[in-house]
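Colleague: Here this note's numbering = 1-based position in the sequence shown + 17. The structure is given below, and queries will be raised subsequently.
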Amino acid sequence: CDTFSLMMISPVLSRSWILGFSSFSCQMALGTMILIGQFDKSKDSSIFGTPFKVNNSSVHVAQFLAIILCLSTQSDILSSIKTILILGRGSNWKKVIGEKDSRASCTLWLVRVGLPNIFKFSQGLVVVFASFVIIVQNKETIDLLKDFTSLMIVSEFDNIIFNLASYGYLGDELHLQADNITDEEQKTNILTSQKRRKTAFRFVRFIFVAILSAMFIGWGIIFRMQSQGTMFDAQFPGCGKENYDLAFEVFDDGKCYGGPFNTIECKYEGGDCANFNTAYPSCNGKDLKYLHDVESEVGNNNCNITFAIPQCEYDGGDCCPY
18 CDTFSLMMIS PVLSRSWILG FSSFSCQMAL GTMILIGQFD KSKDSSIFGT PFKVNNSSVH
78 VAQFLAIILC LSTQSDILSS IKTILILGRG SNWKKVIGEK DSRASCTLWL VRVGLPNIFK
138 FSQGLVVVFA SFVIIVQNKE TIDLLKDFTS LMIVSEFDNI IFNLASYGYL GDELHLQADN
198 ITDEEQKTNI LTSQKRRKTA FRFVRFIFVA ILSAMFIGWG IIFRMQSQGT MFDAQFPGCG
258 KENYDLAFEV FDDGKCYGGP FNTIECKYEG GDCANFNTAY PSCNGKDLKY LHDVESEVGN
318 NNCNITFAIP QCEYDGGDCC PY
């Protein structure tokens, strides 16, 4: 039971219908804002802002499980399709929405059955897509679970609002309307042909498998692009795809390796060299790409003659005679 069910049993522009539409609007607004924020990360970066590496294999396991969990918990897509198929011609859809047979028309079906379930399907699709983008964007298991859980609140927003109405917090009228849906004695059993019911369940299973397969295929493509260095080249254009294997080892470790990565094209080793460059602002660039492990070597109280150059302040002072 959710606010979309309220829209189905309520006349258009009634209080319960407006509540359902408002809930849908909030969900779509939140989902759209999340997607816009996610796509902003992909500007001047890889597709969806996907990192070129994840920190360990457990993240891939978490992503795999999150994809399954995403579609398993997001029932709005499948339930809306099933409702539209079951409440079709030959069913008692008029009785289900609380209308007399004399008022039956295609327009009434579209407004009271079709439209609410199209809203429900659209909201579910936005949440699933946003969930997929969040899954592939994260490179830490904890961050993945936090972001994924936060998005589930958006998915459950219609159910939360319905429960508020059912408990009577939103007024007596909405409380009674919600009771009409949840009260077992007042429920109307859906009557439809066995053939239509079987067709609906088969189609829903097909849609479930199709969406799940599409998500796994998309995830597999992104995983392949990560392992081949395509994501690295997209995220750091000009950094050199040939340096991907080394970058996989030294990026995101919190220490400045230097070498070919402490350049503007490599975004100063993805930010790892920020502190080092603050201390030694001239000890970087393409001309000094032969310098490796710069943060470990410079200023470690041991003179390394390789770093005994003015740009690196003579190994951070280690090679000075005074």
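Cβ coordinates follow ideal geometry from the N, Cα and C atoms, glycine included. Given the structure is predicted, the values throughout are model-derived calculations rather than measurements.
1) Around the Cβ of Thr-199, are there at least 16 other Cβ atoms within 10 angstroms (buried) or fewer (exposed)?
2) Apply the 10 Å Cβ neighbour rule to Leu-127 and answer buried if 16 or more other Cβ atoms are within range, or exposed otherwise.
3) Compare the beta carbon distance of Asp-93 and Gln-55 with 8 Å and say whether it is the shorter of the two.
4) Going by beta-carbon coordinates alone, are Trp-236 and Ile-51 separated by less than 8 Å?
5) Who are the near neighbours of Glu-190 in its chain, counting only those whose CB is closer than 8 Å to its CB and skipping five residues on each side?
6) Who pairs with Gly-275 in a beta bridge, going by DSSP?
7) Enumerate, from N- to C-terminal direction, the unbroken alpha helix (DSSP H) stretches of 4 or more residues contained entirely within the segment 66-101.
8) Determine whether the beta carbon atoms of Val-226 and Gly-275 lie at a separation below 8 Å.
9) With Ser-97 and Asn-134 assumed to form a contact (beta carbons below 8 Å), what rounded beta-carbon distance in angstroms separates them?
10) Using only CA atoms, which one of Pro-277, Leu-132 and Ser-230 lies nearest to Leu-104?
11) So, for Thr-100: in the same chain, excluding its five sequence neighbours on each side, which residues have a beta-carbon less than 7 Å away from its beta-carbon?
12) Consider the C-beta atom of Ile-114 and the heavy atoms of the ligand HEM; say whether any pair is separated by less than 7 Å.
13) Would you say the segment 242-251 touches the segment 65-80, given that touching needs at least three Cβ pairs under 8 Å?
14) Under the rule that 16 or more other beta-carbon atoms within 10 Å means buried, what is Arg-129, buried or exposed?
15) Between Asp-262 and Asp-289, is the Cβ-Cβ spacing less than 8 Å?
16) Helix, strand or coil, according to DSSP, for Glu-202 in the structure here?
17) Quick check on Tyr-184: does DSSP put it in helix, strand or coil?
18) Quick one, are the C-beta atoms of Tyr-285 and Asn-292 less than 8 Å apart?
19) If you reduce the DSSP assignment to three classes, tell me which class Pro-133 lands in.
20) Given that a residue counts as buried once 16 or more other Cβ atoms are within 10 Å of its Cβ, and exposed if not, what is Tyr-249?
21) Report the residue ranges of all alpha helix (DSSP H) runs contained in full by the segment 143-182; include only those spanning at least 4 residues, in chain order.
22) Flag this pair as touching only if the segment 164-173 and the segment 144-151 have three or more C-beta atom pairs under 8 Å; answer yes or no.
23) Taking the alpha helix (DSSP H) that Gly-37 falls in, what are its first and last residues?
24) Assign Pro-254 to one of three DSSP states: helix, strand, or coil.
25) How many angstroms separate the CA atom of Thr-180 from the CA atom of Pro-298?
26) Along the alpha helix (DSSP H) that carries Gln-211, what are the first and last residues, could you check?
27) Can you give the Cα-Cα distance for Lys-58 and Gly-302, rounded to whole angstroms?
28) Between Leu-193 and Pro-28, what straight-line distance do the alpha-carbon atoms span, to the nearest angstrom?
29) Pick out whichever of Leu-168, Lys-156, Ile-281 and Phe-21 has its Cα sitting closest to the Cα of Leu-47.
30) CB-CB under 8 Å to Leu-30, same chain, minus the five flanking residues each way: which ones, in chain order?
31) Please go through the same chain and pick out, in chain order, the residues whose beta-carbon is closer than 7 Å to the beta-carbon of Ser-40, but skip the five residues on each side of it.
32) Write down the C-beta distance between Ser-89 and Ala-251 rounded to the nearest angstrom, noting that I regard them as a contact closer than 8 Å.
Modeller: Reading it off the structure:
1) Counting from one through the sequence shown, the residue named residue 199 turns up at place 182. So Thr-199 counts as exposed.
2) In the sequence shown, the residue the question calls residue 127 occupies position 110. With fewer than 16 other Cβ atoms within 10 Å, it is exposed.
3) Taking the sequence shown and counting its residues from 1, one reaches residue 93 at position 76. Taking the sequence shown and counting its residues from 1, one reaches residue 55 at position 38. Their beta carbons are not under 8 Å apart, which means Asp-93 does not touch Gln-55 by this criterion.
4) Taking the first residue of the sequence shown as 1, we reach residue 236 at position 219. Taking the first residue of the sequence shown as 1, we reach residue 51 at position 34. Going by C-beta atoms, Trp-236 is not nearer than 8 Å to Ile-51.
5) One-based indexing of the sequence shown puts residue 190 at position 173. So the list reads Arg-32 and Ser-33, once near-sequence residues are dropped.
6) Translated into positions along the sequence shown, residue 275 becomes position 258. BP columns for Gly-275 point to His-309.
7) 74-90
8) Within the sequence shown, the letter at position 209 stands for residue 226. Within the sequence shown, the letter at position 258 stands for residue 275. No. Outside cutoff.
9) One-based indexing of the sequence shown puts residue 97 at position 80. One-based indexing of the sequence shown puts residue 134 at position 117. About 4 Å; that satisfies the 8 Å criterion.
10) Against the sequence shown, residue 104 aligns to sequence position 87. Residue Leu-132 is the option with its Cα nearest to Leu-104.
11) Numbered from its first residue, the sequence shown carries residue 100 at position 83. Within the same chain, Thr-100 has close Cβ partners Asn-134.
12) Here there are no bound small molecules, and the ligand HEM is not part of this structure.
13) yes
14) Here residue 129 is taken as the residue at index 112 of the sequence shown, counted from 1. Classification for Arg-129: buried.
15) Here residue 262 refers to the residue found at position 245 of the sequence shown. Here residue 289 refers to the residue found at position 272 of the sequence shown. Not a contact, by the Cβ cut-off of 8 Å.
16) One-based indexing of the sequence shown puts residue 202 at position 185. Low local confidence applies: a pLDDT of 42 at Glu-202 is under 50, so the model's placement there is unreliable, and no value is given.
17) Residue mapping note: residue 184 aligns to position 167 of the sequence shown, counting from 1. If DSSP states are grouped into helix, strand and coil, Tyr-184 belongs with coil.
18) The residue you call residue 285 lines up with position 268 of the sequence shown. The residue you call residue 292 lines up with position 275 of the sequence shown. No; because the gap between Cβ atoms is not below 8 Å, this pair is not in contact.
19) By 1-based counting over the sequence shown, the position of residue 133 is 116. Reduced to three states, the DSSP call for Pro-133 is helix.
20) As a first step, residue 249 must be located in the sequence shown, where it is residue number 232. Note that residue 249 corresponds to Phe in the displayed sequence, not to Tyr. Buried, since its Cβ has 16 or more Cβ neighbours within 10 Å.
21) 158-172
22) yes
23) If you number the sequence shown from 1, residue 37 lands on position 20. From DSSP, the alpha helix (DSSP H) with Gly-37 extends over 32-57.
24) Within the sequence shown, residue 254 is the residue found at index 237, counting from 1. Note: Pro-254 maps to coil in three-state DSSP.
25) On the sequence shown, position 163 is the one that residue 180 refers to. On the sequence shown, position 281 is the one that residue 298 refers to. The amino acid at residue 180 is misidentified as Thr; the sequence shows Asn. The straight-line gap from Cα to Cα measures roughly 59 Å.
26) Residue mapping note: residue 211 aligns to position 194 of the sequence shown, counting from 1. Residues 211-244.
27) Against the sequence shown, residue 58 aligns to sequence position 41. Against the sequence shown, residue 302 aligns to sequence position 285. Cα-Cα distance, rounded: 26 Å.
28) Here residue 193 refers to the residue found at position 176 when the sequence shown is read from its first residue. Here residue 28 refers to the residue found at position 11 when the sequence shown is read from its first residue. Distance between the alpha carbons of Leu-193 and Pro-28 is about 15 Å.
29) Along the sequence shown, one-based indexing puts residue 47 at 30. Leu-47 has its Cα closest to that of Leu-168, out of Leu-168, Lys-156, Ile-281 and Phe-21.
30) Position 13 of the sequence shown, counted from the first residue, corresponds to residue 30. Nothing listed; no residue qualifies.
31) As a first step, residue 40 is located in the sequence shown; it is residue number 23 there, counting from the start. Thr-20, Phe-174, Asp-175 and Ile-178, listed in sequence order.
32) For the purposes of this step, residue 89 is taken as residue 72 along the sequence shown, with counting starting at 1. For the purposes of this step, residue 251 is taken as residue 234 along the sequence shown, with counting starting at 1. Wrong, their Cβ atoms sit about 31 Å apart, outside the cutoff.
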